[in-house]
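Residue numbers (my numbering): 14 to 318.
Here is the structure:
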């Protein structure tokens with residue numbers, strides 16, 4: 014698809030994922046405007062070519078196509094409130110102006126997104142539930158999948174934007190199905206990530222080179238995307254450059270736990286993985302990548318190198 018001269022895109026949230034989406038869109042010749050409350054995030058984004066604005070509502074002056082990538086429900090709801098407040102007190106938009114669409118890409122409770130979908134609709138904004146499958150590192154190279162859900166026309170209109178930062182886009186139908194699919198995917202990520210650390214540590218304690226374990230096992234039946242993506246970080250014991258912070262992952266684990274409880278779904282492997290992530294947080298690794306579960310396993314056997 015030719016992305017040249019595409020309409021501008023506004024991004025709410027310029028953290029690990031939001032900045033990666035912005036970089037991909039800029040590389041495809043989109044004009045990208047962005048906002049983040051963190052001055053450091055704004056500065057980094059500006060250096061990368063994002064046209065940074067000073068508030069969420071100012072994004073509407075530049076684009077009717079918005080993406081949000083936010084760390085919490087509070088951040089998302091505050092952003093929605095700012096958009097609603099602005100549109101409620103602004104002059105009516107021209108009849109020929111394109112509809113405003115906000116594609117929400119974060120991992121947040123479905124109930125929160127549903128509530129904001131209703132509220133935004135009263136202000137003339139169509140909200141789409143579009144979580145992404147992939148890590149921050151994958152997002153940097155466009156290796157993510159968009160789990161889109163909501164009104165078909167709005168999804169169709171946003172497809173050129175989605176294609177600008179992802180390798181695949183799936184229309185999952187009714188609003189909320191994006192998050193439902195994301196919960197299924199993240200349950201596997203939680204398990205596979207810890208399993209990768211277990212396998213690498215076993216190989217190391219058997220006398221194998223950790224990097225070779227990742228390379229050889231990653232090419233066979235025992236492979237997983239987490240072994241491929243986070244295995245090298247585990248093998249080199251380098252998880253400071255976070256693609257998913259342990260502290261943020263705790264939020265995702267909680268949402269999965271709630272879904273399991275609500276649906277009475279047994280998940281013994283997921284339950285076994287949860288304390289490992291909690292231990293990583295307790296060890297002071299909250300701002301580091303979830304590959305740091307390796308440090309937890311090492312701590313359990315009294316090893317660190």
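Beta carbons are placed, not taken as given, at the ideal position from N, Cα and C, and that holds for glycine.
None of the values given here were measured: they were computed from a predicted structure.
What's the gap between the Cα of residue 82 and the Cα of residue 212? A direct Cα-to-Cα measurement between residue 82 and residue 212 gives close to 32 Å.
Beta-carbon proximity list for residue 325, same chain, < 7 Å, skipping 5 on both sides: No answer is possible for residue 325: it lies beyond the span of the chain, which begins at 14 and ends at 318.
So, are the CB atoms of residue 99 and residue 70 less than 7 Å apart? Their beta carbons are under 7 Å apart, which means residue 99 touches residue 70 by this criterion.
Cβ neighbours of residue 231 in the same chain (closer than 7 Å, five flanking residues each side left out): Setting aside the 5 residues that flank it on each side, residue 231 is surrounded in the same chain by 240, 241 and 244, each with a C-beta closer than 7 Å to its C-beta; the list follows chain order.
Determine the closest residue to residue 195 out of 32, 265, 78 and 286, with distance taken between C-alpha atoms. Of the listed residues, the one whose Cα sits closest to residue 195 is 265.
Simplified DSSP assignment, three categories, for residue 197: In the structure shown, the three-state DSSP call for residue 197 is helix.
If you draw a straight line from the C-alpha of residue 59 to the C-alpha of residue 223, how long is it? Near 38 Å, if we compare the C-alpha coordinates of residue 223 and residue 59.
Between the C-alpha atoms of residue 44 and residue 80, what's the straight-line distance to the nearest angstrom? Pairing residue 44 with residue 80, the inter-Cα distance amounts to about 13 Å.
What did DSSP end up calling residue 20 once you bin it into helix, strand or coil? Three-state result, residue 20: coil.
Kindly identify the DSSP beta-bridge partner or partners of residue 162. BP columns for residue 162 point to 142.
What residue from 269, 313, 35 and 276 has the CA that sits closest to residue 149's CA? Taking only the C-alpha atoms, the option nearest residue 149 is 35.
Determine which residues share a DSSP beta bridge with residue 79 and list them. Residue 79 is bridged by DSSP to 23 and 115.
Run the CB neighbour count on residue 32, radius 10 Å, all protein chains shown included, and call it buried at 16 or more, exposed below. With 16 or more Cβ atoms within 10 Å of its Cβ, residue 32 is classed as buried.
Of all the options 56, 65, 297 and 247, which has the alpha carbon lying nearest to the alpha carbon of residue 47? The shortest C-alpha separation from residue 47 is found at 65.
Do you know how far the Cα of residue 174 is from the Cα of residue 228? One C-alpha to the other measures close to 34 Å.
Terminal residues of the beta strand (DSSP E) in which residue 291 lies: Counted as a single uninterrupted DSSP element, the stretch harbouring residue 291 is not any beta strand (DSSP E) but the alpha helix (DSSP H) occupying residues 281–295.
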